[in-house]
Amino acid sequence: MTGLITRKQFLKTFGIGAAALVCGSQAYGFFSKGGKKAKSIKGHIFENDAPPKPWKWSIEAFHYATDGNKVQCQVCPNRCTLSPGDRSICRSKVNIGGKLYSLVYGNPCAIHVNPIEKKPLNHFYPGTSVISIATAGCNFRCPNCQNWEISQRKPEEVHFTELFPAEVVEAARRSDTPSIAYTYSEAVTFYEYTFDTAKLAHEEGLRNVLVSNGYINSEPLLMLAGYLDGANIDLKSFDDDTYRCLNGGTLYPVLNTLKTLHRANVWFEITTLVVPTYVDDHEMIKRMCGWILKELGPDYPLHFSRFFPRYKLNRLHATPVKTLEELRDIALKEGLRYVYLGNVPGHDGYNTYCHNCHKTLIKRKGYYIAEFNINDGMCKFCKTPIPGRWEGG
Ligand code: SF4
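For the sequence shown, counting from 1, position 192 maps to 294 in this note's numbering; every step adds exactly one.
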């Protein structure tokens with residue numbers, strides 16, 4: 103099953119009963135009970151310019167410093183410093199009375215069930231499905247964001263549903279969905295929700311997948327990494343100026359995230375959206391691949407994803423497929439073993455080829471698998487171990 107579903111459909115599909123819902127709302131309720139639509143609760147946080155109050159989906163943030171009045175969030179390199187009443191850059195945190203609160207705990211605005219290939223993860227239990235959740239907010243400001251309707255909004259501006267960590271885990275368990283992904287907007291900004299859900303999921307034997315821009319500080323990342331099984335991290339460019347002007351962030355924290363996940367033995371894949379004129383320079387891609395090879399080795403897959411005009415960056419045309427093919431050739435020539443194309447359905451760059459014998463290991467049709475030639479994590483033809491996480495491997 104794929105696609106956006108309503109809370110009612112979700113609960114029905116996954117067989118969640120009223121008991122589970124009450125459990126969630128009792129555990130974390132600050133406000134009135136009962137999940138209402140965003141429209142009817144709009145204004146509760148900053149009503150009539152009054153000092154903000156916690157609402158039902160608030161939780162005190164996990165990583166912040168305070169002098170009793172001002173607070174500083176420590177989750178991402180933005181390190182927002184907020185006076186009482188101030189809202190964070192990611193829009194999902196607020197200083198209430200000298201304490202920092204997340205406003206998105208248990209109120210996802212997107213819930214989908216996806217093939218794991220859609221994250222994209224091509225070497226992580228192929229053919230399995232994943233429950234994907236997101237809340238409003240992001241710590242970047244990309245003018246080409248594909249999910250800007252939720253990433254560039256405040257939590258009270260989007261339609262959301264109520265689903266606390268125990269309910270997400272229960273839904274996955276009852277539906278035999280083996281993984282939960284924290285994705286779409288920016289999981290770093292709903293860190294507390296992600297962390298608690300991931301911890302519970304691990305206790306239940308489920309896998310956790312982080313899909314992120316990687317703009318997170320080391321300490322919260324290391325704490326979360328203990329519960330992560332897989333990740334897809336955007337490496338949006340290999341140029342700090344491009345990060346600053348296109349994304350509103352910087353490059354080095356993202357590189358640090360990749361190195362941290364590598365050291366923590368979390369499987370990850372890297373995605374680079376090839377934005378014409380910003381992220382298609384051959385020399386830059388060559389340097390990027392050289393860094394990956396030196397710091398992370400040849401095995402982590404790299405996905406070159408096709409850009410389409412979106413949101414505020416609609417003056418550019420879609421990335422020519424030829425450009426993507428050239429970048430893929432550069433990456434392979436530099437020594438990376440698994441380089442994929444994204445957003446080009448039907449292209450050979452969707453398939454997995456053994457880095458030793460070059461035979462086709464996985465033939466994909468879009469996000470679905472048409473042929474599978476990996477046994478116990480090894481190439482069926484030449485028995486070379488294939489990097490990744492595989493059933494039985
Ligand atoms: S996670 Fe949000 S509140 Fe925290 S530092 Fe980053 S942008 Fe600011």
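The C-beta atom is built at its ideal place from N, Cα and C for all residues, glycine as well.
The model shown is predicted, which means the values in this text are computed figures rather than measured ones.
In the three-state reduction of the DSSP assignment, G468 falls in the coil class.
In terms of Cβ geometry, I372 and Y345 do not form a close pair [threshold 8 Å]. Sequence-distant partners of F226 (beyond 5 residues in either direction) whose C-beta falls short of 7 Å from its own C-beta, in its chain, are I218, G332, W369, G490, R491.
Partner residues in the beta bridge of M480, as assigned by DSSP, are N477, P487. Spatial neighbours of I191 in its own chain (CB-CB distance under 8 Å, excluding positions within 5 residues in sequence) are listed in chain order as N180, C182, N241. Taking a cut-off of 6 Å from the heavy atoms of ligand 1, the residues with a C-beta inside it are C175, V177, C178, N180, R181, C182, S190, I191, C192, K195, N241, V290, T291. DSSP places I218 within a helical segment (H, G or I) once states are collapsed to three.
Put simply, the backbone Cα of K172 is about 8 Å away from that of N197.
Ranking N224, L205, T362 by CA distance to the CA of I488 puts N224 first.
Counting only the Cα atoms, P280 lies some 7 Å from S231. When the Cα atoms are used, C211 and L363 turn out to be separated by approximately 27 Å.
Distances from the alpha-carbon of E264 to those of N475, K396, K158, M390 put K158 closest. Burial is judged here by how many other beta carbons sit within 10 angstroms of a residue's own beta carbon; S194 has at least 16 and is buried. Under the three-state reduction of DSSP output, W369 falls in the strand class.
Between E294 and Y207, the CB-CB gap stays under 8 Å. Given a length threshold of 4 residues, the stretch 149 to 179 has no whole run of the alpha helix (DSSP H) inside it.
Here the alpha carbons of N310 and K220 stand approximately 15 Å from one another. For Q248 against R412, the beta-carbon gap comes to about 6 Å, under 8 Å, which counts as contact.
Ranking S339, S277, R365, E259 by CA distance to the CA of N209 puts E259 first. Counting only the Cα atoms, G399 lies some 23 Å from Y329. Taken in chain order, the complete alpha helix (DSSP H) segments of 4 residues or longer contained in the stretch 327 to 415 are 354 to 365, 384 to 398.
For K195, the enclosing beta strand (DSSP E) starts and ends at 195 to 198. Cβ contact annotation for G350 (same chain, cutoff 6 Å, sequence separation greater than five): F242, R243, in chain order. Exclusion of the five residues before and after A366 leaves A327 as the residues of its chain whose Cβ lies within less than 6 Å of its Cβ. In the structure shown, A420 falls within a coil segment according to DSSP collapsed to helix, strand and coil.
Taking Y380 as reference, the option from K465, R408, Y354 with the minimal CA-CA separation is R408.
The C-alpha of F410 is placed about 16 Å away from the C-alpha of D336. Per DSSP, the continuous beta strand (DSSP E) segment holding S204 begins and ends at 201 to 204.
F483 and K465 do not touch by the CB rule: their CB atoms are close to 14 Å apart, not below 8 Å. In this structure, the beta-carbon distance from A268 to I282 does not fall below 8 Å. A direct Cα-to-Cα measurement between R276 and K424 gives close to 44 Å. A236 is bridged by DSSP to A212.
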